[in-house]
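Using this note's numbering, read the sequence shown as starting at 267 and increasing by one per residue. Just so you know, even glycine gets a beta-carbon here, dropped at the ideal spot from N, CA and C.
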Amino acid sequence: MKIGVFIWGFVLLFFFPFTEQDRYQQQRERMVKQHLASRGIDDKNVLKAMRTVERHKLVPPNMQSYAYDDRPLPIGKGQTISQPFIVAYMTQAINPKPGMKVLEIGTGSGYQAAVLAEIVDEVYTIETVEPLAKTAKKRLIEMGYDNIHFRVGDGFYGWEEHAPYDAIIVTAAPEEIPPRLAEQLKVGGKMIIPVGPMSASQELRLVTKQKNGKLKIKNLMPVRFVPFTRRN
Ligand code: SAH
């Protein structure tokens, strides 16, 4: 009897924490297989990052069991964390590589920033809603990310001090491409951005800055993002 209690104590103490981690790891593997690899995500760095980032740690506690479903989830303050497929798709579109410096507009939960931080050298991320920025910063630091730089403000102006960027990811939809963001993109660099009004359909656009400074714009697909809000 006593030995039974001892064994159960041992099992609970030593194995339970691992099995919870394993369970999330398995859920991530399934998410990558079912929703990403089967739908055109084939960049090895992106797949590895999607397998690694602990999305369940970046959503509200009551949403954790849905963290690896392919859907957006509410993160408070009327904002959402994008669905994993869209995050992977946008990340793949900018062709991220080690050595790169990337700007993100719309930190939100911090998930997209973490996915980028797994691949590139430095991530600069701007969020207009201060409590969201604070929560994301706290969680990402706890998770061990030391290459993500945070700023509270209007992403319309970009982050001039660290420009130019190899790539820019915008995760809220403005009605037009903010000109300052295009200016802060390197020649040959790519920006991915949803553009269009909230009420009508938005287009996800891939913008490449050409040698002559002009922008080459490709429409990728219709999407629905939260609006890009301006600070007065
Ligand atoms: N990348 C986020 C997605 C969050 S949704 C994630 O992975 O969870 C988009 C975010 O953009 C929201 O948090 C919203 O508050 C923010 N946002 C909207 N307009 C903005 C602006 N002008 N500047 C910076 N952030 C903005």
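Just tell me which of the options has its CA closest to the CA of residue i.
i, options, result
"Asn328", "Thr318, Ile341, Arg337 and Met316", "Ile341"
"Ile307", "Ala359, Gly344, Ile435 and Ala333", "Ala359"
"Glu426", "Leu451, Arg497, Ala439 and Pro440", "Leu451"
"Thr495", "Lys477, Met366, Leu382 and Val395", "Val395"
"Tyr377", "Asn361, Ala399, Pro364 and Asp432", "Ala399"
Quick check: what's the CA-CA separation for residue i versus residue j?
i, j, result
"Leu324", "Asn311", "21 Å"
"Pro430", "Met297", "34 Å"
"Gly270", "Thr285", "21 Å"
"Ile443", "Ser331", "36 Å"
"Phe422", "Gln287", "38 Å"
"Gly462", "Phe491", "9 Å"
"Gln300", "Ile407", "30 Å"
"Met487", "Gly275", "53 Å"
"Ala439", "Asp412", "28 Å"
"Glu469", "Met457", "13 Å"
If you reduce the DSSP assignment to three classes, tell me which class residue i lands in.
i, result
"Ala466", "coil"
"Val298", "helix"
"Asp432", "strand"
"Thr357", "helix"
"Thr394", "coil"
"Val418", "strand"
"Ala438", "coil"
"Lys484", "strand"
"Pro493", "strand"
"Lys363", "coil"
"Pro445", "helix"
Can we count residue i as close to ligand 1, meaning its CB is less than 8 Å from some heavy atom?
i, result
"Val489", "no"
"Tyr334", "no"
"Pro461", "According to the sequence shown, residue 461 is Val rather than Pro. Outside the cutoff, so no."
"Gln378", "yes"
"Ser467", "no"
"Arg294", "no"
"Ala438", "yes"
"Leu324", "yes"
"Ser304", "no"
If we cut at 9 Å on Cβ distances, does residue i have a partner in chain B?
i, result
"Gly421", "Structure shown: chain B not included; a single protein chain is present."
Practice task
Please list the segments of the beta strand (DSSP E) lying wholly inside the stretch 312-347, counting only runs of 3 or more residues, in order along the chain.
Solution key: 339-342 and 345-347
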